[in-house]
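Each residue of the sequence shown is one higher than the one before, starting from 0 at the first, in numbering that gives the first Met the number 0.
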Amino acid sequence: MANKKTVDLVEEKAALMRRDVIEMGYAAGGRGAHFGPALSSIEIVAGLFFGIMNHDPKNPTMADRDRFVQSKGHACLAYYAALTETGYITREQMYTFKGDNSFLAGHPTRNMKYGIEVTSGSLGNGFAVACGMAKAAKIKSDDHKVYCLVGDGECNEGIIWEAAMNAAKYELDNLIAIVDRNGVQLAGTTKDIMDVDIEALWRAAGWDVVVVEGGNDASSVLEALQGMRDSSSGKPHVIIANTTKGKGISFMEGSLGWHARPMPQEFYEQAVAELENA
Ligand SMILES: Cc1ncc(C[n+]2csc(CCOP(=O)(O)OP(=O)(O)O)c2C)c(N)n1
């Protein structure tokens with residue numbers, strides 16, 4: 000069981016991060032933002048930054064820090080919200096999202112000063128980089144972990160399986176992937192686009208697999224993350240977290256239309272009201 004104090008902290012931070020996602024995305028105006036993909040992953044990202052990872056916002060390059068790679072880079076609003084709430088970036092910087100000359104682009108761009116480990120956004124690539132980082136840690140006998148957030152649609156990418164098999168071959172048990180299984184991609188549901196049993200695929204690739212039914216429940220997510228962090232199975236680990244795309248905003252939940260788009264004022268006001276009354 001996850002410690003109650005940690006669960007409470009992650010829930011509190013998750014609520015703040017949801018508000019940050021809405022604020023940043025709205026401030027981006029006509030440039031739009033990926034709302035649904037960020038909101039489904041909030042408890043996973045909050046759980047990592049506030050409950051699991053060894054990291055220090057005052058020392059982003061600390062040698063033994065755990066690494067976070069957001070392979071589903073289009074969901075960067077969740078990442079930037081975590082960087083804001085932990086103190087890697089200021090609120091003022093947060094509001095520059097997608098602005099001219101901002102370092103907070105529409106997909107994460109490596110910037111170690113502010114805790115952004117890996118450039119990502121071309122789906123699958125971040126995961127392959129994470130596998131390489133875990134292998135590098137093994138070579139150097141470093142004992143930090145590498146956590147990598149992947150989308151369920153992203154699991155359709157060939158590079159995922161090439162890298163996954165490689166990670167199993169090299170027994171990268173310092174690598175923990177979390178699949179945000181929200182069931183909705185860019186142009187359809189994951190079932191419609193490619194109806195495959197990803198649990199079986201990860202197992203066949205040689206990974207330890209755990210499925211979390213409550214992927215938007217802080218306690219369930221923390222328990223799974225702790226279990227994988229403490230496991231010494233000799234295999235890389237994957238948590239398949241069943242989540243809801245757009246979680247927390249009624250008109251975004253399960254919606255293809257809110258994968259990515261601008262947010263008109265009336266929707267912003269409704270979203271803020273819903274979060275304030277949650
Ligand atoms: C290699 C590559 N192909 C296509 C895209 C365009 N794209 C951006 S998000 C997305 C859907 C991703 O779906 P999923 O992994 O399920 O993540 P979710 O948005 O549901 O969180 C696609 C196809 C991309 N970023 N990279």
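Note that CB positions come from ideal geometry on N, CA and C, so glycine has one too.
Legend entry - Length of the line joining the Cα atoms of residue 89 and residue 79: Reading the sequence shown from its first residue, position 90 is the one you call residue 89. Reading the sequence shown from its first residue, position 80 is the one you call residue 79. The alpha-carbon atoms of residue 89 and residue 79 are separated by roughly 10 Å.
Inset, instruction - Report yes if the C-beta of residue 278 is less than 8 Å from at least one heavy atom of ligand 1; otherwise report no. - result: Lying before the first or after the last residue shown, residue 278 is absent from the chain, which here runs from 0 to 277.
Inset, instruction - Report all residues from its chain with a CB closer than 7 Å to the CB of residue 95; omit the five preceding and five following residues, and keep chain order. - result: In the sequence shown, the residue the question calls residue 95 occupies position 96. Only 101, 103 meet the Cβ criterion.
Inset, instruction - Quick one: give me the first and last residue of the beta strand (DSSP E) that residue 100 is part of. - result: Within the sequence shown, the letter at position 101 stands for residue 100. Taken as a continuous stretch (DSSP letters only), residue 100 belongs to no beta strand (DSSP E), as it is neither H nor E.
Legend entry - Contact test: residue 244 Cβ vs ligand 1 heavy atom, cutoff 8 Å: By one-based count along the sequence shown, residue 244 stands at place 245. Correct: residue 244 has its Cβ closer than 8 Å to ligand 1.
Inset, instruction - Return yes when at least one heavy atom of ligand 1 lies under 8 Å from the C-beta of residue 117, else no. - result: Taking the sequence shown and counting its residues from 1, one reaches residue 117 at position 118. No, since every heavy atom of ligand 1 falls outside the 8 Å radius drawn around the Cβ of residue 117.
Inset, instruction - Below 8 Å on the Cβ atoms is my guess for residue 179 versus residue 39; work out the distance and round it to an integer in Å. - result: The count along the sequence shown starts at 1 and reaches residue 179 at position 180. The count along the sequence shown starts at 1 and reaches residue 39 at position 40. The pair is a contact, with the Cβ atoms about 5 Å apart (cut-off 8 Å).
Legend entry - Residue environment, residue 263, which counts as buried when at least 16 other CB atoms sit within 10 Å: What you label residue 263 is simply residue 264 of the sequence shown in a count that begins at 1. It is exposed - the Cβ of residue 263 has fewer than 16 other Cβ atoms within 10 Å.
Inset, instruction - Closer than 6 Å by C-beta to residue 132: which residues in its own chain qualify, once you throw out the five before and the five after it? Chain order, please. - result: Stepping through the sequence shown from its first residue, residue 132 is reached at position 133. Same-chain partners within the cutoff: 66, 145.
Inset, instruction - In the DSSP assignment, find the unbroken alpha helix (DSSP H) run with residue 7 in it and report its ends. - result: As a working note, residue 7 is residue 8 in the sequence shown. Note, residue 7: alpha helix (DSSP H), 3-26.
Inset, instruction - Look at the Cβ atom of residue 181, then the Cβ atom of residue 229, and state whether they are nearer than 9 Å. - result: The count along the sequence shown starts at 1 and reaches residue 181 at position 182. The count along the sequence shown starts at 1 and reaches residue 229 at position 230. Against a cut-off of 9 Å, the Cβ pair of residue 229 and residue 181 comes out as no contact.
Legend entry - the stretch 4-12 touching the stretch 30-47, judged by at least three CB pairs closer than 8 Å: yes
Legend entry - Burial state of residue 0, where buried means 16 or more other Cβ atoms lie within 10 Å: For the purposes of this step, residue 0 is taken as the residue at position 1 of the sequence shown. It is exposed - the Cβ of residue 0 has fewer than 16 other Cβ atoms within 10 Å.
Legend entry - Nearest neighbour of residue 129, chosen from 174, 154, 191, 93 [CA to CA]: What you label residue 129 is simply residue 130 of the sequence shown in a count that begins at 1. Comparing Cα positions, the closest option is 174.
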